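Protein chains in written order, with my numbering: chain A, -10 to 374; chain B, -10 to 374; chain C, 6 to 340; chain D, 6 to 340. The beta-carbon is built from N, C-alpha and C at its ideal position, and this holds for glycine as well. Since the structure is predicted, the reported quantities are computational estimates derived from the model, not experimental observations. Here is the structure we will look at, set down as structure tokens.
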Amino acid sequence: MILLVGGRLGLVFFLHMSLHMAQRFCYLSSVKTISKGDHMQGERKEVQPEYLYRQMVRARRFEEALASLWRRGLISGELHLGTGEEAIAAGFAAHLEDGDAIALDHRSTPPLVCRGLPLEPIILELIGSEKGLCSGWGGHMHLFSRDFLAASSGIVGSSAPLALGFALANKHLRQGKVAVCFFGEGAMNQGMVLESLNLARVWKLPVIFVCKDNRWAITTRSKNVTAGCLTKRARAYDMPAWKVNGLRVDDVCKTAKRAIERAREGRGPSFVLARCSRIDGHFLGDPLFRIFEEPLEQVKTITPPLIRSAIAKPGAPSGARARALFCISKAIALAGADKLKNFKDPLFISKNLILEEKRLEIEREVFEEIEKAVRTSLEVAGLKR
Amino acid sequence: MILLVGGRLGLVFFLHMSLHMAQRFCYLSSVKTISKGDHMQGERKEVQPEYLYRQMVRARRFEEALASLWRRGLISGELHLGTGEEAIAAGFAAHLEDGDAIALDHRSTPPLVCRGLPLEPIILELIGSEKGLCSGWGGHMHLFSRDFLAASSGIVGSSAPLALGFALANKHLRQGKVAVCFFGEGAMNQGMVLESLNLARVWKLPVIFVCKDNRWAITTRSKNVTAGCLTKRARAYDMPAWKVNGLRVDDVCKTAKRAIERAREGRGPSFVLARCSRIDGHFLGDPLFRIFEEPLEQVKTITPPLIRSAIAKPGAPSGARARALFCISKAIALAGADKLKNFKDPLFISKNLILEEKRLEIEREVFEEIEKAVRTSLEVAGLKR
Amino acid sequence: MRVSFATAIEKAIEHAMAEDERIIIFGEDVHLLRNNLYARFGPERIIPAPISESAFLGAAVGVAMAGLKPIVEIMLVDFIAVAFDALLNQASKVKAFSGGKWNVPVVIRCSCGGGYGDAGQHEQCLWGLISSVPGISVVVPSNPPDAAGLMLSALNAEDPVVYLEHKLLSEYWLDYLGAGGRKNVAFDIPESGASGEIEIPPKNVAIGKASFLREGSDITFISIGVSVHRCLEASKALEREDASSCVLDLRTATPLDKESILEASRTGRVVVVDEDYLSFGLSGEIAAVLSESGYRGAFTRVGNTGVIPYARHLEDRALPSVDSIYEAAKKILGT
Amino acid sequence: MRVSFATAIEKAIEHAMAEDERIIIFGEDVHLLRNNLYARFGPERIIPAPISESAFLGAAVGVAMAGLKPIVEIMLVDFIAVAFDALLNQASKVKAFSGGKWNVPVVIRCSCGGGYGDAGQHEQCLWGLISSVPGISVVVPSNPPDAAGLMLSALNAEDPVVYLEHKLLSEYWLDYLGAGGRKNVAFDIPESGASGEIEIPPKNVAIGKASFLREGSDITFISIGVSVHRCLEASKALEREDASSCVLDLRTATPLDKESILEASRTGRVVVVDEDYLSFGLSGEIAAVLSESGYRGAFTRVGNTGVIPYARHLEDRALPSVDSIYEAAKKILGT
Ligand SMILES: Cc1ncc(C[n+]2csc(CCOP(=O)(O)OP(=O)(O)O)c2C)c(N)n1
Ligand SMILES: Cc1ncc(C[n+]2csc(CCOP(=O)(O)OP(=O)(O)O)c2C)c(N)n1
Ligand SMILES: [Mg+2]
Ligand SMILES: [Mg+2]
């Protein structure tokens, strides 16, 4: 009987695994093809699609450059890429100007790149150089630029109160300037974010809460731990809340304009829920992800103790155990899905916003820009390319 | 000019003051007349109006007894009375049984009295006796009864997570038993309460959140610092939220029944917003209140520096100063209102729920019960009556 | 000008706010707690907040980073627990994380301390706990001129300062939370702490500079806050027995004035008196400072070993008192 | 049975959960972090939580009061700041406030520590900060048998225990946060800490009992967590120079094993090595314990003086290392 249960549980697990192993081969088509581009310099104020597309490609290429530095062992600690969030970063940053502030979470590089920060200091910071943006003290979760009023933090939810502070200071010192705050849907269960929604409203602060809903908080499907709908949650604080497809940069850009203008005019805070994706897992080297990348090796280490536990006595009834195993394998199976699907990639989706010729030119230019930034940074840090 | 402004501001202030000085004389009619009663012992399960009324009177008399001990200097620290919340306490406690838990805030005595705790240990605790409920260690903000699974805390909002814990333990150990959580409307801006709403829902815990809306948080009108409507806020977490007139014990009792039964049946958490009043100010000796009780003395110490500040230079423009002064005087003026108005007193309102004869008998009995409890406690503590 | 402890603080803030428009105040009930400032500087600069400490303490960090100079009020220091992330992971880290390029000039004002029977969730000191977070200064004045002077310095500081206002010294806090207008309750209020002379405008008192309240050669009391007054009392008692005491008022818990501590320790008998928790706090740090510097004299400490009880008589036993200090001194004097 | 540090903890919990149905686990991502336990004990006892630390740490207090035995996980101890009220004002206070009539048998499990380049918001130790709250035990095992044994004791304890799991010893944490599967990054992992022999069922290790890892007569290292291994390394280097070292692994930060500390101090030269913040923490408390008890020998300490920097080379300089310990030892030995 025990063996039977064990067997059944194992089956569920492997079913999921193999299903998604199969899907894996649909990969290899999307993002990677974007690599040449068009020379149209986007006008900031009018927000041309070319501009937006360029910013997205810059953000993506930058993340990819970081990933490759990370793989070379030059970046330490957890590196959370913002791949899948580029449309949100580009759409909002497009409307920001001098004096506007941004408060960021652990996926802070795309907004910083789109906001126009020089790239080399960021790269230098991440490779731990004392010539970096923060002299090597901050690293990827703690990037700070006083000039751009931009700050990030690795504590989930802490960007919200920070943004309130920026907004309040702007209200006093720089009328018409706003603060934009980025965080994930997982952060919407963190008390300080909820408190901040209320405080922003009662103090009528020029702040825009941008909730990037990639549906995940590490290995947790956020819908399993989040009650109700997040726009309703925000609206309960008597502020407008918009849902937007955060994979479509044109949609984001429109909503961002509306929210930011509203704040500039002194009409208070608003909330934007932007669905996006998590293309590279929670962080680089995400164990859920690695199961896809090196399936045999991972399954070999994970499965035996798991199956052993699943049949050990005493413990939960077999139904409960089956549910547990199912949940584990489902999480693993789902984790890779965002990487596998073109329709979850904001860059792929935006391709048709501009003419192919221009697109290719932009991509080529950006490729060179990022290449150069990496090259220069490595040189400055005294590392070889 | 400065004098003029000062004068105008002073005027606003005194206008408010005198307005409410006048109202003061409408007082002296309500609560104090209830003092004799009827002998009908309320059946717990059916929740007779007599039972509810008795519990309310018990709670009120108990608070009054505490107030008098406090005035004698026998109770130290802040004493937050729950006068004005008796209908809520009685209405909910009426449905609780062995194994149910209650998590309380700084106004914890009415629910404890209605829940049926022996009174002497509470009194002994509050007068600092080592024979008290908590051996003199807890005091009024930290009353604990393991037998009744009842705990209070002076940190605003902390009753919510505590109640979740009680509810989760009940789910595991005492199926069908619930946890009731009391807190004020001010606590609804505290992150841990908001987090708790979500957590209760996603864990489907048998917990009932009772938000006692007395419209005040110390000297702050909660509506000025609270965005949106609180039932909507709760509903955003996908749980039922009911608004009830917390001054009417029959209404509360009905809603409490519904919410508690729902939780017992395993259908998850719910939220009840119960409007109530704050008859005796934030705590005994509330300075806002004292202005009513010893107006000349208080105004004499408060006004001169206030007026001096209001006209000192440099500072805000005179419009802003006027708004500030107006706000101060309004707070003072409003603070006493709950005490002054019969229609804000749950006991006054409930009078007509039962026959006068019974009512008087209940009141007499309760009077004696509380008298005796105080007498015994003082004796045990070796103090004179 | 002779003023109360609370007035001294108010005068300092009033002076600073008149000079510097960037100073704003926010926190719960500040429209009434700071009614005089509110009436003068208006609702734009004195901003009442909901009971959302983590949001508004976190916001204070952002406000300070973006160019204002906030005084953020956490009513009782005990409540800082609900907003501790803003202190531990934000305010104290920004300067280091930004490579020294961005700083957080915020003043966090909290009342603290016991002695009026409100129990351990409302009477903690926590200067030890807060000092264990590098990057934050913690000041604890014990009399009006220090209260005013340290507030001015805090408002001039570049980095976060936690300003602790002891409730036994601060008349309005003690009245709100302890007396409530009653005449029949008594508190052991140190006279020279509760009122004193200040100049107008008040004189700066440097953060990190201790003050010798009494010179002596037989025994040294090192203390902070209300306890320094208890030490002074105890030293009077000892004087009657021909023991001469040195009393050092640290005034600042972090950064510690190590020089003064070493100077004071020359008696060879050190008693640290700390109303805060005894373990893992100020008294330990002083022991380490002394030991590291080669101090080889006697050392003892008087402090609160656990949760502060509610009942006044239990509380009296828990907090440092003239008696318990005197006892400790006698022991260390070997008499 | 030779196991890794993490496996030792898991074995202890598995054993205890099989014996005692009241043990439940909750925290973020526990369905995958504790996947083996999840598969065995099911979703009723291993409960994933939203990112709501104050709600679920607060709930843990209630759960424990009402009869269950929760292990609540705060992923990284740094995050405890957002839920600090549950620790400071609830968990640690209930027993005292209830007059000893109600207790809170909760185990709070957090990873801690640095050495992999994640910077100061994710690499703190905080055992000093947490120890400054009376009423909570804090354990910090440095090897597999202690890890298992202390977990069993924590699960048997009547009062709150914070259980800190150092990330350099815990393979999965280090892999998640440091390596991410990369082979080209290196960490200074102490062999004898990362794996070792345990019995099944594991043997209890009493809370509050330090362990002598090495006896010696010239100099004493008192330490905890990963740093004890650094001390052992340094003592080997000293041995080559004919200095014999005593190394005491405290294992428990609170309550401190004062007896063992005093015994260890007999060399007359004490070096406290603490990866946590140097000021207002463990090293200070040890200095006070020593000073109070009449210790008059040499004392020095090695610790982290500020925010932990991100860059690996800066971090290496900030955290105690074999080199910095060796230097401190040489200085105190006067050689
Ligand atoms: C207060 C706190 N709790 C937990 C963590 C660990 N953690 C880091 S990222 C993360 C998930 C965040 O989810 P979400 O906000 O949706 O952002 P995403 O990673 O999906 O972009 C968690 C739990 C943390 N950094 N801070
Ligand atoms: C976290 C925290 N912040 C502030 C306080 C101070 N405080 C005590 S009661 C109170 C007002 C609470 O308002 P509400 O929840 O509406 O309860 P009410 O007093 O009106 O019954 C405040 C701010 C506290 N005890 N805890
Ligand atoms: Mg997410
Ligand atoms: Mg209220």
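Secondary structure note for C/His20: its alpha helix (DSSP H) is the uninterrupted segment Phe10 to Glu24. Not a single CB atom of chain D sits nearer than 8 Å to the CB of C/Gly186. Taking one beta carbon from each stretch, the region 341 to 357 of chain B and the region 297 to 317 of chain B have fewer than 3 pairs nearer than 8 Å; the two do not touch.
A/Leu41 and A/Leu342 have their C-alpha atoms roughly 10 Å apart.
Residue contact with chain C for A/Asn187: present (Cβ-Cβ distance below 8 Å to some residue of chain C).
A heavy atom of ligand 3 is found nearer than 7 Å to the CB of A/Glu174.
For A/Leu63, the CB contacts under 6 Å within the same chain, skipping 5 residues up- and downstream, are Ile116 in chain order. Contact between A/Met45 and A/Pro276 fails: their C-beta atoms lie close to 28 Å from each other, not under 8 Å. Apart from the 5 residues on each side of it in sequence, A/Gly66 sits with its Cβ closer than 8 Å to the Cβ of Gly128, His129 and Met130 in its chain, given in chain order. Near chain D, meaning a CB-to-CB distance below 9 Å, no residue of the region 31 to 43 of chain C qualifies.
Exposure of A/Glu286 is indicated by the presence of fewer than 16 other C-beta atoms within 10 angstroms of its C-beta. Between C/Gly286 and the set C/Pro165, C/Glu320, C/Trp132 and C/Phe84, the nearest pair of CA atoms involves C/Trp132. Here A/Gly175 has Ala206 and Ser211 as same chain residues with Cβ atoms under 6 Å from its own Cβ, once five neighbours each way along the sequence are excluded. Short of 7 Å from the beta carbon of C/Tyr177, and not among the five residues preceding or following it, lie these beta carbons of its own chain, in chain order: Ala11.
Collapsing the DSSP output to three states places D/His171 in a strand. For C/Ile337, the CB contacts under 7 Å within the same chain, skipping 5 residues up- and downstream, are Ile224, Arg274, Val276, Ala303 and Thr305 in chain order. For C/Pro139, same chain residues with a beta-carbon under 8 Å away, outside a window of 5 residues either side, are Ser97 in chain order.
In this structure A/Gly88 touches A/Arg163 by the C-beta definition: roughly 4 Å separates them, less than 8 Å. Within the region 261 to 277 of chain A, those residues whose Cβ lies closer than 8 Å to any Cβ of chain D are, in chain order, Phe272, Leu273, Gly274, Asp275, Pro276 and Leu277.
Following the DSSP letters along the chain, one finds C/Asp34 in no beta strand (DSSP E), marked with neither H nor E. Taking all protein chains shown into account, B/Thr215 has 16 or more neighbouring C-beta atoms within 10 Å of its C-beta and is therefore buried.
The C-alpha of C/Glu58 is placed about 22 Å away from the C-alpha of B/Tyr226. Bridge pairing for C/Ile30: C/Ile51 and C/Ile76 [DSSP]. B/Ile317 is positioned such that its CB atom lies closer than 8 Å to that of C/Asn40. Residue-level contact check: A/Arg190 does not touch chain C, since none of the beta carbons of chain C fall below 8 Å from its beta carbon. In this structure C/Ser147 touches C/Gly198 by the C-beta definition: roughly 5 Å separates them, less than 8 Å. Within the same chain, Gly73, Leu236, Ser266, Ile268, Ala326 and Asp327 come within 8 Å of B/Lys333 by CB-CB distance, once the 5 residues on both sides are set aside. Counting along the chain, the unbroken beta strand (DSSP E) around B/Ala263 starts and ends at Ser259 to Arg264. With a 10 Å radius around the Cβ and a threshold of 16 neighbouring Cβ atoms, C/Ala211 comes out exposed. Secondary structure of D/Cys236 (DSSP, three-state): helix. According to the DSSP assignment, B/Lys328 belongs to the alpha helix (DSSP H) that extends over Ala326 to Leu329. The continuous stretches of beta strand (DSSP E) do not include D/Lys263, which lies in the alpha helix (DSSP H) extending over residues Lys263 to Ala269.
Within its own chain, the residues whose Cβ lies closer than 8 Å to the Cβ of D/Gly72, once the five positions on either side in sequence are excluded, are Arg27, listed in chain order. DSSP links C/Gly201 through a beta bridge to C/Val8. Taking the CA atoms as reference points, B/Gly71 sits about 49 Å from A/Lys246.
C/Asp193 is positioned such that its CB atom lies no closer than 8 Å to that of C/Gly125.
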